Structure formats: C-alpha cells, structure tokens
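S.K.:
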Amino acid sequence: MSSAREPRFTLDHVELYVPDRVSAAAWYARVLGCEPVGGVDPWAVDPEGPMMISPDGGRTKLALFTGQAQGSRPTAGFHRVAFRVSATEFLAFTARLPGLGLNQARVVDHGGAWSVYFSDPSGHRLEVTTYEVEPVRAARGSASP
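Structure below.
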C-alpha cells in the first residue's frame, strides 16, 4: 500500500556504455524504434555526456555513454533491460528477427508472459516481453506451458 506522502517512482533511464554512441543509437533505432530525445542535445554534444534515446517519446530512456561495454562479463552492470509491448507488437517484432540479424534470439513462453531474449552489438542483454499471452500463443500455435 502506498500513502499520499510516498512518491510513485517510474523508470526514467538506463545507462549503457558503448564503444560508439552514434552506431549504438542507429542499432537501437533499427531494432527497437528508439529515437533521440529532444531538449537534451547539449548532453550528446559533450563527449562525456549521454546521448538520450527513447522507444516511447521520452517517457523512458536509454542513456548511451561512450566507454567499455559490458560485453560477456556476466556480473558487470545490469543484467537485462526489458521492453514491454502488446501482443500485436510482440508478434510483429518476432517476425522481424531474421531481418534484424537477431538469429540467436530466444523466444520463450513463460506461461504468464512471452519474451524474446537477445543482445545488442555491445553485449547488453535485452528483452522484449508481453503479458498478453493468449493472442501470442494462438498465433504461434502453441499450448500453455
């Protein structure tokens, strides 16, 4: 339970270290539809500042910093960033996987959610998930796990 005095926290951004912010932003635009966030251009001009991109018009953001990526170090940084979509968007995304070069992506039926697991070119672990399980299950022709 929350009281009127407790703040409601929402996710603002996740910081990712990448070797090249421009290349990373282009990859996130192509794969997840992320676009530059307006109003923070001075940050991106600074070589040590973040390039802010967003899949939802700036409500949640990825802050791309130049630096050594997580790569294959399993305990470095965060474990995974997940993006929620509708069942329709999930099915459209999974249909695009081969064209995106995400041939190693894993699609998993968790019972109460469907997820696609993959990594960006810098090794950051990502997930696209939906909680609208029945339409996905019907479209994929699978039974409940």
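Going by this note's numbering, the residue at position 72 of the sequence shown is 74; the numbering climbs one at a time, nothing skipped. Glycine included, each C-beta is placed from N, C-alpha and C at the ideal position. The structure displayed is predicted, hence computed values, not measured ones.
Quick one, which of Gly41, Met53, Arg61, Phe92 has its alpha-carbon nearest Val135's?
M.R.: For this step, residue 135 is matched to residue 133 along the sequence shown. Nearest of Gly41, Met53, Arg61, Phe92 to Val135, Cα basis: Phe92.
S.K.: Check whether the region 98-115 and the region 60-71 touch, using three or more Cβ-Cβ pairs below 8 Å as the test.
M.R.: Touching, no.
S.K.: Quick check on the DSSP output: what are the complete alpha helix (DSSP H) runs of length 4 or more inside the region 41-97, in order along the chain?
M.R.: With a minimum length of 4 residues, the continuous alpha helix (DSSP H) runs that stay inside the region 41-97 are 43-47.
S.K.: Mapping DSSP to helix, strand and coil, what is Ser124?
M.R.: On the sequence shown, position 122 is the one that residue 124 refers to. Here Ser124 sits in coil by DSSP.
S.K.: Where do the N-terminal and C-terminal ends of the alpha helix (DSSP H) with Glu136 fall, by residue?
M.R.: Taking the sequence shown and counting its residues from 1, the one referred to as residue 136 is at position 134. Unbroken alpha helix (DSSP H) run through Glu136: 135-142.
S.K.: Between Ala26, Gly103, Pro137, which has its C-alpha nearest Pro52's C-alpha?
M.R.: Here the question's residue 52 lines up with position 50 in the sequence shown. Pro52 has its Cα closest to that of Ala26, out of Ala26, Gly103, Pro137.
S.K.: Measure the C-alpha to C-alpha separation of Arg139 and Val16 and round it to an integer number of angstroms.
M.R.: Here residue 139 corresponds to residue number 137 of the sequence shown, with the count starting at 1. Here residue 16 corresponds to residue number 14 of the sequence shown, with the count starting at 1. Spanning the two alpha carbons is a distance of roughly 30 Å.
S.K.: Using a Cβ-based criterion (distance less than 7 Å to any ligand heavy atom), does Ala94 qualify as near the ligand MG?
M.R.: The model depicted lacks the ligand MG and carries no ligand whatsoever.
S.K.: Name the DSSP bridge partner or partners of Ser25?
M.R.: The residue labelled residue 25 in the question sits at position 23 within the sequence shown. Answer is none; Ser25 lacks a bridge partner.
S.K.: According to DSSP, simplified to helix, strand and coil, what is Leu18?
M.R.: Mapped onto the sequence shown, residue 18 falls at position 16. Residue state, collapsed to three classes: strand.
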